[in-house]
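Chains as they are written, first to last, in our numbering: chain A, 1 to 278; chain B, 1 to 205; chain C, 1 to 207. Every residue, glycine too, gets a C-beta built ideally from N, C-alpha and C.
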Amino acid sequence: MWEKLQDLDRRWIYLVFVIALLFPLFKPLGLPIKVGADVQNFYTKFDKLPAGAVVWLSPDYSPGASAELNPQFEAVLRHCFKNNYKLLMYSMWEQGSFLGRDIMERVAKELNKVHGVDWIYLGWRAGGNTVIRRASEDLWGAMENLDGYDKPLADSPLMANIRRLWTPDVDAIVCFSSGSPGDGDYMTYVTDPAAKEAKPVLLFTGQVAVQAPSRIPVIRSGQIQGMIPGMGGAAEYETLNKIPGKAAGLMDAQSLAHVVILAFIVLGNIAYLASRKK
Amino acid sequence: MSTTQIWIAALGTLALFSFLWKENPAYRFVEHIFIGLTAAHVVVMNYDSYIKPVWRDSVMRDGKYVLIIPFLIGLLIYTRYSKSINWLARIPMSLLVGYGVGYTLAFNPLPFLRQVTDNFVKFQGKTATITANNVLFFVMSMAGLAYFFFTVSREKYGLQYISTLGRYTIVIALGASYGSTVQGRISLLLGRMQFLLKDWLGVLQ
Amino acid sequence: MRKQLPLLLTGTAALWVVLCQYIHQFNALKMMGTTDQWQQIIVATMTLVGAVNLTRIHGTNIQRRRSGYYNSIALLVALWAYIAMGIYLTNKHVTYRWVYDATCVPWEATMFSMIAFFIASAAVRTFRIRTAEAAVMGLVAAFVMLGNVPLGPVISDKIPQLKDWLMNIPNGAGFRAIRIGIYIGTFAAAMRIALGLERAHLGSGAQ
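This is the structure in structure tokens:
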């Protein structure tokens, strides 16, 4: 029997996996979501920014990571609007600028936040990390004096006192990252060089789960203030916001799917040991 | 999304998932259209979000004709399709690579040094546990570095023990990465399941 | 000339950025803003290369009637029709967004989501605990997986605590070592390119 498991058609494995995934979607288990140390640390530090603080939101991902990072982006966005932070949204990824804009427009409309006054969409510009390096000296130049809708930046009252992606014009950056360019570039070209200024620019990040473990050393060194890891992190942030979102509803399915993967590893190894004994 | 959009998205999604059963014409067809559209999107974004505003505003309206030079340099890349002058395509490539390399040499030392100096922080913490963790972090990270050290043999001078600890440190980091990767990939699949069951079929609340 | 000029340009461009960063005179970093804009323009102008290459490859497929050439026709129609639409209507136009939302977004998400199935299959077939290292890796992975989901704390309060410790101390130390190694490696590679010892970016014939 165990040898058969070794040679099992992979499609049976897929089937069991999908059933485990679907079951909690129809019959939620109702497991409570406990806020972890990472998300609590992010939330507490981010919440301490004063009302009117200028926050740079950077959805640096493509649709491949949207299931994890869209809920994070929305949860942080709602937190920002609740605290009356002023928002600049720019993406280093072409596709990220579209994904972020959709969420931004929807939530801003829902909360009556005005473009050009409470938030501004800066879109995307060619050049990757060069753009943010240039923006750290001359934000208007880096954006070619236009916002993401092709309207002059001079028409937006919000931009009147914001000339650079640097302190004191910008208080914090939140980068939602699924690769490069991403939070590493903000750290290298903006927040680390600005760390010696009287009031540094704080860097926060939302990460796809795959990248989360690799960010621990930069959080420990204080180069990044806090991190939201993966869909689980998004669900925890939604819990802290007290606004249930997409991520929280999927965590039961996450739990069961994880158990199934663990069971697969155990069964695979039992089968391997049994076949070796023979 | 409109109903038509949902149907296009759903049928494409099913065609792509059909690859899990086996390679088939439906999967190939959608895959090819997807590649075409994504490649087109990159071109459109570059033209619409950068080339057009720079040309329209900076060059034509403000008269910064010097900016025509980088446009011409960029266009040299297309000489690669001509056998006689294809070496000219190396000019924009060399400038871009050199510029990127300059960025690395100029800006990377700062975050690198912050990582190095953070390893030498004061061990003593508010509690004995924090102190122990600080010591452990230092020892394990140095051991991890020793594992990548190839200048002298790692079998002598007691380096074999440090290197073994380093190997286990890296193994733990990889284990943590694997554990997190599982969550990441399941999240993506759940996103698609939710789309099919909720947005398309409407069987999920 | 054909080799030396590109090498000279590579080194000069690299040196320019380094000098701008380290000479704290004459607003050197602000001067770099001009060359930053040049770099952005060059990058943007070059992006059509991908579309041209796809056209050449798939054009040949169609010309020679290779198997599945009709897929190549579909690819080229999608490519050039969408480029034409984007340039004519702009990427902000509702029709352009309509196509993007119906195709690029869901299909890319699907492509990436399929990896979950391969992870499930690999868990059964390839995650073999043959050595002590593999056992440690498996155990750490198990605790991180359970600690990442709501089920972990339900089983035991200790699971998220252990997961946090594993992530912050041994995993953090491991990635600190990896990170320092990457920085040194990247710096060395960048130095080799700037000095002309590495020439792969110039293509064949430049070695």
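TODO: Kindly confirm or deny that the stretch 3-18 of chain A and the stretch 220-239 of chain A touch, where touching means at least three C-beta pairs closer than 8 Å.
DONE: With a cut-off of 8 Å, the stretch 220-239 of chain A and the stretch 3-18 of chain A do not count as touching, because too few Cβ pairs lie within range.
Task: CB-CB length for Thr-131/B against Gly-125/B, believed under 8 Å - done: For this step, residue 131/B is matched to residue 131 along the second sequence. For this step, residue 125/B is matched to residue 125 along the second sequence. In this structure Thr-131/B touches Gly-125/B by the C-beta definition: roughly 5 Å separates them, less than 8 Å.
Open item on the list: Can you look up Trp-119/A in the DSSP assignment and give me helix, strand or coil?
Closed with: Indexing the first sequence from 1 puts residue 119/A at position 119. In the structure shown, the three-state DSSP call for Trp-119/A is strand.
Open item on the list: Is it buried or exposed, Ala-279/A, if we count other Cβ atoms within 10 angstroms and call 16 or more buried?
Closed with: Outside the shown range of chain A (1 to 278) lies residue 279/A, about which nothing can therefore be said.
TODO: Check Ala-132/B in the structure and name its three-state DSSP category.
DONE: Numbered from its first residue, the second sequence carries residue 132/B at position 132. Of the three classes helix, strand and coil, the one that applies to Ala-132/B here is helix, per DSSP.
Task: Within chain A, the residues that Ser-42/B reaches when beta carbons sit closer than 7 Å - done: Here the question's residue 42/B lines up with position 42 in the second sequence. A small fix is needed here, since residue 42/B is Val in this sequence, not Ser. Proximity of chain A to Val-42/B at the Cβ level (cut-off 7 Å) is accounted for by Glu-94, in chain order.
Open item on the list: Suppose you measure from the CA of Arg-97/C to the CA of Trp-7/B; what does that come to, to the nearest Å?
Closed with: Here residue 97/C refers to the residue found at position 97 when the third sequence is read from its first residue. Here residue 7/B refers to the residue found at position 7 when the second sequence is read from its first residue. Using only the alpha carbons, I get a separation of about 16 Å.
TODO: Please report how far the alpha carbon of Phe-120/B lies from the alpha carbon of Phe-138/B, in whole angstroms.
DONE: Here residue 120/B refers to the residue found at position 120 of the second sequence. Here residue 138/B refers to the residue found at position 138 of the second sequence. In this structure, the straight-line span from the alpha carbon of Phe-120/B to that of Phe-138/B is close to 8 Å.
- [ ] Assign Ile-129/C to one of three DSSP states: helix, strand, or coil.
- [x] By one-based count along the third sequence, residue 129/C stands at place 129. Correct three-state label for Ile-129/C: coil.
Task: 8 Å Cβ cutoff, Val-97/B in contact with chain A - done: The sequence position of residue 97/B within the second sequence is 97, counting from 1. Chain A, which has no Cβ nearer than 8 Å to the Cβ of Val-97/B, makes this no.
Task: Unbroken alpha helix (DSSP H) run spanning Gln-225/A, endpoints - done: Counting from 1 along the first sequence, the entry for residue 225/A is found at position 225. Looking at the DSSP string, Gln-225/A is not in any alpha helix (DSSP H), and its letter there is neither H nor E.
Open item on the list: With a threshold of 8 Å on Cβ separation, who are the neighbours of Leu-162/C within its own chain once the five nearest residues in sequence on each side are excluded?
Closed with: Indexing the third sequence from 1 puts residue 162/C at position 162. Closer than 8 Å at Cβ, skipping near neighbours: Phe-143, Gly-147.
Task: Distance between beta carbons of Arg-220/A and Asp-36/C, contact taken as under 8 Å - done: The count along the third sequence starts at 1 and reaches residue 36/C at position 36. The count along the first sequence starts at 1 and reaches residue 220/A at position 220. With a Cβ gap of about 32 Å, Asp-36/C and Arg-220/A do not count as contacting.
Open item on the list: DSSP has Tyr-90/A in a bridge; who is on the other side?
Closed with: For this step, residue 90/A is matched to residue 90 along the first sequence. Tyr-90/A pairs with Gly-123/A.
Task: Given 8 Å, three or more beta-carbon pairs between the stretch 84-95 of chain C and the stretch 267-278 of chain A - done: Under the Cβ criterion (8 Å, minimum of three pairs), the stretch 84-95 of chain C does not count as touching the stretch 267-278 of chain A.
- [ ] Measure from the alpha carbon of Glu-31/B to the alpha carbon of each residue in Met-45/B, Tyr-47/B, Thr-79/B, Leu-14/B, then state which is nearest.
- [x] Counted from its first residue, the second sequence places residue 31/B at position 31. Among Met-45/B, Tyr-47/B, Thr-79/B, Leu-14/B, the Cα nearest to that of Glu-31/B is on Leu-14/B.
- [ ] Using a threshold of 8 Å, state whether the C-beta atoms of Tyr-237/A and Tyr-61/A are closer than that.
- [x] Position 237 of the first sequence, counted from the first residue, corresponds to residue 237/A. Position 61 of the first sequence, counted from the first residue, corresponds to residue 61/A. For the 8 Å CB-CB criterion, Tyr-237/A and Tyr-61/A do not form a contact.
TODO: List the residues of chain B that Ser-156/C touches, going by C-beta distances under 7 Å, in chain order.
DONE: On the third sequence, residue 156/C is found 156 positions in, with the first residue counted as 1. Residues of chain B passing the Cβ test: none, with the nearest at roughly 17 Å.
Open item on the list: With a threshold of 8 Å between beta carbons, is Asp-164/C in contact with chain B?
Closed with: Position 164 of the third sequence, counted from the start, is the residue given in the question as residue 164/C. Taking Cβ atoms only, chain B never reaches closer than 8 Å to Asp-164/C, which makes this a no.
TODO: Buried or exposed for Met-60/B, please, with buried defined as at least 16 other CB atoms from any protein chain shown within 10 angstroms of its CB.
DONE: For the purposes of this step, residue 60/B is taken as residue 60 along the second sequence, with counting starting at 1. The residue in question, Met-60/B, is exposed, as its Cβ has fewer than 16 Cβ neighbours within 10 Å.
Task: Three-state secondary structure (DSSP) of Trp-21/B - done: Stepping through the second sequence from its first residue, residue 21/B is reached at position 21. Coil, per DSSP.
Task: Residue interval of the beta strand (DSSP E) (run including Val-54/A) - done: What you label residue 54/A is simply residue 54 of the first sequence in a count that begins at 1. Val-54/A -> beta strand (DSSP E) spans 54-60.
- [ ] Tell me where the beta strand (DSSP E) around Ile-243/A begins and ends.
- [x] Taking the first residue of the first sequence as position 1, residue 243/A is located at position 243. If you look at Ile-243/A, you'll find it isn't in any beta strand (DSSP E); DSSP assigns it neither H nor E.
Open item on the list: What residue range does the beta strand (DSSP E) around Ser-177/A cover?
Closed with: Looking up residue 177/A in the first sequence gives position 177. Annotation: the continuous beta strand (DSSP E) that includes Ser-177/A extends over 172-177.
Open item on the list: Is there a Cβ of chain C sitting closer than 8 Å to that of Trp-87/B, yes or no?
Closed with: Residue mapping note: residue 87/B aligns to position 87 of the second sequence, counting from 1. Yes, because at least one Cβ of chain C sits closer than 8 Å to the Cβ of Trp-87/B.
TODO: Write down the C-beta distance between Leu-202/C and Pro-6/C rounded to the nearest angstrom, noting that I regard them as a contact closer than 8 Å.
DONE: Taking the third sequence and counting its residues from 1, the one referred to as residue 202/C is at position 202. Taking the third sequence and counting its residues from 1, the one referred to as residue 6/C is at position 6. Indeed, because the Cβ distance is near 5 Å, the residues count as touching under 8 Å.
Task: Proximity to Leu-180/A [Cα-Cα], best of Gly-127/A, Met-143/A, Leu-21/A - done: Counting from one through the first sequence, the residue named residue 180/A turns up at place 180. The sequence given here has Ser at residue 180/A, not Leu. The residue with the shortest Cα to Cα distance from Ser-180/A is Gly-127/A.
Task: Bridge partners - Gln-207/A, DSSP secondary structure assignment - done: As a working mapping, residue 207/A is identified with position 207 in the first sequence. Residue pairing by DSSP places Gln-207/A opposite Ser-177/A, Pro-229/A in a beta bridge.
Open item on the list: I'd like the list of long-range same chain contacts for Pro-63/A, defined as Cβ closer than 8 Å, with 5 residues on each side in sequence excluded.
Closed with: Start at 1 with the first residue of the first sequence, and residue 63/A comes out as number 63. Cβ within range, chain order: Gln-95, Leu-99.
- [ ] Look up Leu-99/A in the DSSP assignment and give the residues it is bridged to.
- [x] Residue mapping note: residue 99/A aligns to position 99 of the first sequence, counting from 1. For Leu-99/A, which the question treats as bridged, DSSP gives no partner whatsoever.
Task: Residue(s) in a DSSP beta bridge with Pro-152/A - done: Start at 1 with the first residue of the first sequence, and residue 152/A comes out as number 152. Partner(s): Leu-146/A.
Task: chain A contact for Val-136/C (CB, 8 Å cutoff) - done: Position 136 of the third sequence, counted from the start, is the residue given in the question as residue 136/C. Val-136/C does not count as touching chain A.
TODO: Using 10 angstroms around the beta-carbon of Phe-112/C, count the other beta-carbons present and answer buried if the total reaches 16, otherwise exposed.
DONE: The count along the third sequence starts at 1 and reaches residue 112/C at position 112. Buried, since its Cβ has 16 or more Cβ neighbours within 10 Å.
Open item on the list: What residue range does the alpha helix (DSSP H) around Leu-21/A cover?
Closed with: Walking along the first sequence from the start, residue 21/A turns up at place 21. For Leu-21/A, the uninterrupted alpha helix (DSSP H) segment begins and ends at 10-26.
TODO: Sort Thr-188/A, Val-117/A, Pro-193/A by Cα distance to Asn-161/A and report the nearest one.
DONE: Within the first sequence, numbered from 1, the residue matching residue 161/A stands at position 161. The option with the nearest alpha carbon to Asn-161/A is Val-117/A.
- [ ] Please confirm whether Asn-171/C and Ile-172/B have their CB atoms less than 8 Å apart.
- [x] One-based indexing of the third sequence puts residue 171/C at position 171. One-based indexing of the second sequence puts residue 172/B at position 172. Yes.
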